[in-house]
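Inspection log for the structure reproduced underneath, given as structure tokens.
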Amino acid sequence: MSLDVYLTMKGAAVKVQSSGIFIRENGETKEISEKEWFEKHPYEPVKYAEGERETDEVYSANITHNLITMAEKAGIYEHLWRPDEINITKASQLIEPLKEGLDKLKSEPDKYKKFNPENGWGNYEGLVRFVENYLNACIEYPDADVDVSR
10 MSLDVYLTMK GAAVKVQSSG IFIRENGETK EISEKEWFEK HPYEPVKYAE GERETDEVYS
70 ANITHNLITM AEKAGIYEHL WRPDEINITK ASQLIEPLKE GLDKLKSEPD KYKKFNPENG
130 WGNYEGLVRF VENYLNACIE YPDADVDVSR
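The numbering of the sequence shown is this note's numbering, which starts it at 10 and goes up by one.
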């Protein structure tokens, strides 16, 4: 299971080129190119939604639920997993809380690394990267609508 976050803007009509190759790695689902696939695997990949499509999503990402405790300790669990429950509807509302949480994470890495999941699925570095990327998207698209799937 994972948390999926989306920033959308009605009428954005973003053109997305997709390889259609998605993998699960270290607690995240990510898209890779055919070249990347063949560097790791000698067989043909299963492809989903290959080609170009149009969407109103200006940003999307996901991360494993195994990092909930770490996010709680950094004070950003609700902002990431449950924005609807704290009346967050726009990306601009996430900027300050995510900055503060990211500062906490980066200022004391050892404090948060002790919450790395025992099963190895997800880690401190992955949460920091996720928050950094999400924060940057919120700054770039402050008027975007926030949606999550958990």
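No residue lacks a Cβ here, since even glycine has one placed at the ideal position from N, Cα and C.
As the structure is a computational prediction, the values presented were derived from the model and not from experiment.
Measure from the alpha carbon of residue 133 to the alpha carbon of each residue in 141, 121, 142, 144, then state which is nearest.
-> 121
What's the C-alpha gap between residue 155 and residue 145?
-> 14 Å
Do three or more CB pairs link the stretch 62-74 to the stretch 25-44 at distances below 8 Å?
-> yes
Using 8 Å as the Cβ pair cut-off and three pairs as the minimum, do the stretch 104-118 and the stretch 41-49 touch?
-> no
Quick one: grab the DSSP three-state call for residue 98.
-> Coil at residue 98, not helix or strand.
Residue 65 - containing beta strand (DSSP E), residue span = No beta strand (DSSP E) contains residue 65, which DSSP labels as neither H nor E.
Straight-line Cα distance separating residue 29 from residue 90 | 26 Å
Start and end of the beta strand (DSSP E) containing residue 33?
-> 31-34
Hey, could you find the ends of the alpha helix (DSSP H) residue 43 is sitting in?
-> 43-49
Specify the secondary structure class of residue 160 as computed by DSSP and reduced to three states.
-> Any property of residue 160 remains undetermined from this structure, which presents the chain solely from 10 to 159.
Spatial neighbours of residue 80 within its chain, please: CB distance less than 8 Å, with the 5 preceding and 5 following residues excluded, ordered by chain position.
-> 86, 89, 90, 110, 136
State the start and end residues of the unbroken alpha helix (DSSP H) segment that holds residue 15.
-> Residue 15 -> not in any alpha helix (DSSP H); beta strand (DSSP E) instead, spanning 11-17.
Apart from the five residues just before and just after residue 99, which ones in its own chain have a Cβ nearer than 8 Å to its Cβ?
-> 151, 152, 153, 154, 155
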